[in-house]
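First the structure, in the form of C-alpha cells, and then the observations on it.
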Amino acid sequence: MIARAKANGIELAYESFGTPGARPLLLVMGLGTQLIHWDDDFCRLLADQGHHVVRFDNRDAGLSTHLHEYGRPGLGGAAPYLLDDMADDTAGLMDALGWPAAHVVGASMGGMIAQVLAIRHPGRVLSLTSIMSTPGPRAAPPTPAASAVLLAPPPAGREEAIERSQAAWDLIGSPGYEPDRARIADVTGRAFDRCFDPAGTARQLAAVMASGDRTEGLRGLGVPALVVHGEDDQLVPLAGGLATAEAIPGARLLTFPGMGHDLPRPIWPELVAAITRLTAGQP
C-alpha cells in the first residue's frame with residue numbers, strides 16, 4: 001500500500017515490505033524511474049532475509065512531488081536542484097519513518113543519491129550499497145549508443161513508451177541474460193499510468209550533471225560498503241563501479257559478467273545474499 005511522508009519540504013510516496021523493527025533497508029531508484037522499478041519479488045527476497053524494506057519515488061518521479069514550476073531544463077541549462085537536495089529528501093523520509101539510521105541501497109542515479117546521503121549525513125547510513133553507479137559524470141561516460149537512448153525525445157503515448165522501453169533495454173540491458181519482455185512491458189505500462197513526466201526526468205538529469213564529482217567525499221567515508229556493477233553496462237560503464245569501489249575505504253566490489261544497466265532475475269540470489277551479509281555485519 002502506498003503511503004506518503006513529508007520530507008525536506010516536499011511529499012514522497014513510499015511502500016514497505018517486511019516487519020517493522022527488522023533491519024531498516026531503504027531502496028533508492030534511478031533516473032526517471034519509480035518505486036515499482038524495484039521488483040516486488042526482489043523486495044520480498046530482501047524482506048525474507050530480515051529487512052524492513054522501504055522503496056520510494058524520488059522527487060519528480062512517480063507519485064511524489066513534481067516541481068513543475070521549474071519547467072524542462074535544456075542540455076547544459078541551470079539545474080533547479082542538486083543530488084544534495086535529493087539526498088536530503090531521503091534523510092527526511094527516514095525522519096518520517098522514525099529511522100535514526102538505515103542500510104541504504106541505490107541503483108544508478110539512486111546510487112549517486114545514496115553516496116551523497118552517506119557523505120552529507122554519515123550518521124544516518126549504517127551500510128551503503130551502490131549499484132551500477134559512479135562517483136561523477138566523468139568517471140564513466142555512457143557509450144554513444146547509450147547516450148542516444150538517454151537523450152531520446154519522450155514517447156507520444158503509452159504504447160510507444162512500451163515499444164521504446166523494449167528497444168532501450170535491448171541496448172542497455174544485460175546481454176548475458178534473456179530479457180524478460182513481459183515484465184518490461186508490464187512495468188513500463190504501469191509506470192506510464194502512475195506518472196508520465198518527461199520534464200521531471202530532465203530536471204533529475206540536470207541535477208546529476210550539475211552535482212560534480214564525489215570521489216573526495218567518498219574517500220572520507222567510514223561506512224561498510226558494497227559496490228555492484230555489470231561488466232557489460234553501456235549506460236554507466238564498469239569504470240564507474242571500479243572508481244566507486246576504489247574511492248570508498250574497504251568497499252567490497254561485486255561484478256557480474258553479462259550484466260548491463262538492469263538487475264536480471266538470475267543474479268538476485270547472489271545480490272540479495274551480498275546485501276544481507278553487509279547489513280548483518282558479516283565478512
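Counting from 1, one number per residue, gives the positions in the sequence shown under UniProt numbering.
All residues carry an ideal CB built from backbone N, CA and C; glycine is no exception.
Small disclaimer: the values here were computed from a predicted structure and weren't measured.
In this structure, the straight-line span from the alpha carbon of tryptophan 38 to that of methionine 29 is close to 7 angstroms.
Look at tyrosine 14 here: in three-state DSSP terms it is strand. In this structure, Leu82 is the residue among Leu82, Gly176, Gly9 with its C-alpha nearest to the C-alpha of glycine 136. By the criterion of a C-beta distance shorter than 7 angstroms, tyrosine 70 is surrounded in its chain by Pro80, Arg203, once the five residues flanking it on both sides are discounted. The Cβ atoms of alanine 13 and arginine 4 lie closer than 7 angstroms to each other.
Distance from the Cα of alanine 145 is smallest, within the candidate group Asp233, Glu160, Ala139, for Asp233. Between the region 168 to 183 and the region 262 to 271 there are three or more C-beta pairs closer than 8 angstroms, enough to call the two in contact. Boundaries of the alpha helix (DSSP H) harbouring threonine 215: 215 to 219, taken from the DSSP string. Distance from the CA of threonine 33 to the CA of alanine 191, rounded to the nearest whole angstrom, comes to 8 angstroms. Residue range 252 to 256 is occupied by the beta strand (DSSP E) that includes leucine 253. Residue nearest to leucine 93 within the set Tyr177, Leu26, Ala280 is Leu26 (criterion: CA-CA distance). The region 215 to 226 makes no contact with the region 84 to 98: fewer than 3 CB pairs, one atom from each, lie closer than 8 angstroms.
The DSSP-derived three-state label of threonine 65 is coil. Alanine 245 and threonine 19 have their C-alpha atoms roughly 31 angstroms apart. The shortest C-alpha to C-alpha distance from proline 249 to any of Pro224, Leu271, Glu231 is the one to Pro224.
Looking at the DSSP output, arginine 4 shares a beta bridge with Ala13.
Under the DSSP assignment, phenylalanine 42 falls in the alpha helix (DSSP H) whose first and last residues are 40 to 48. In this structure, leucine 221 and alanine 118 form a Cβ contact; the two beta carbons are roughly 6 angstroms apart against a cut-off of 8 angstroms.
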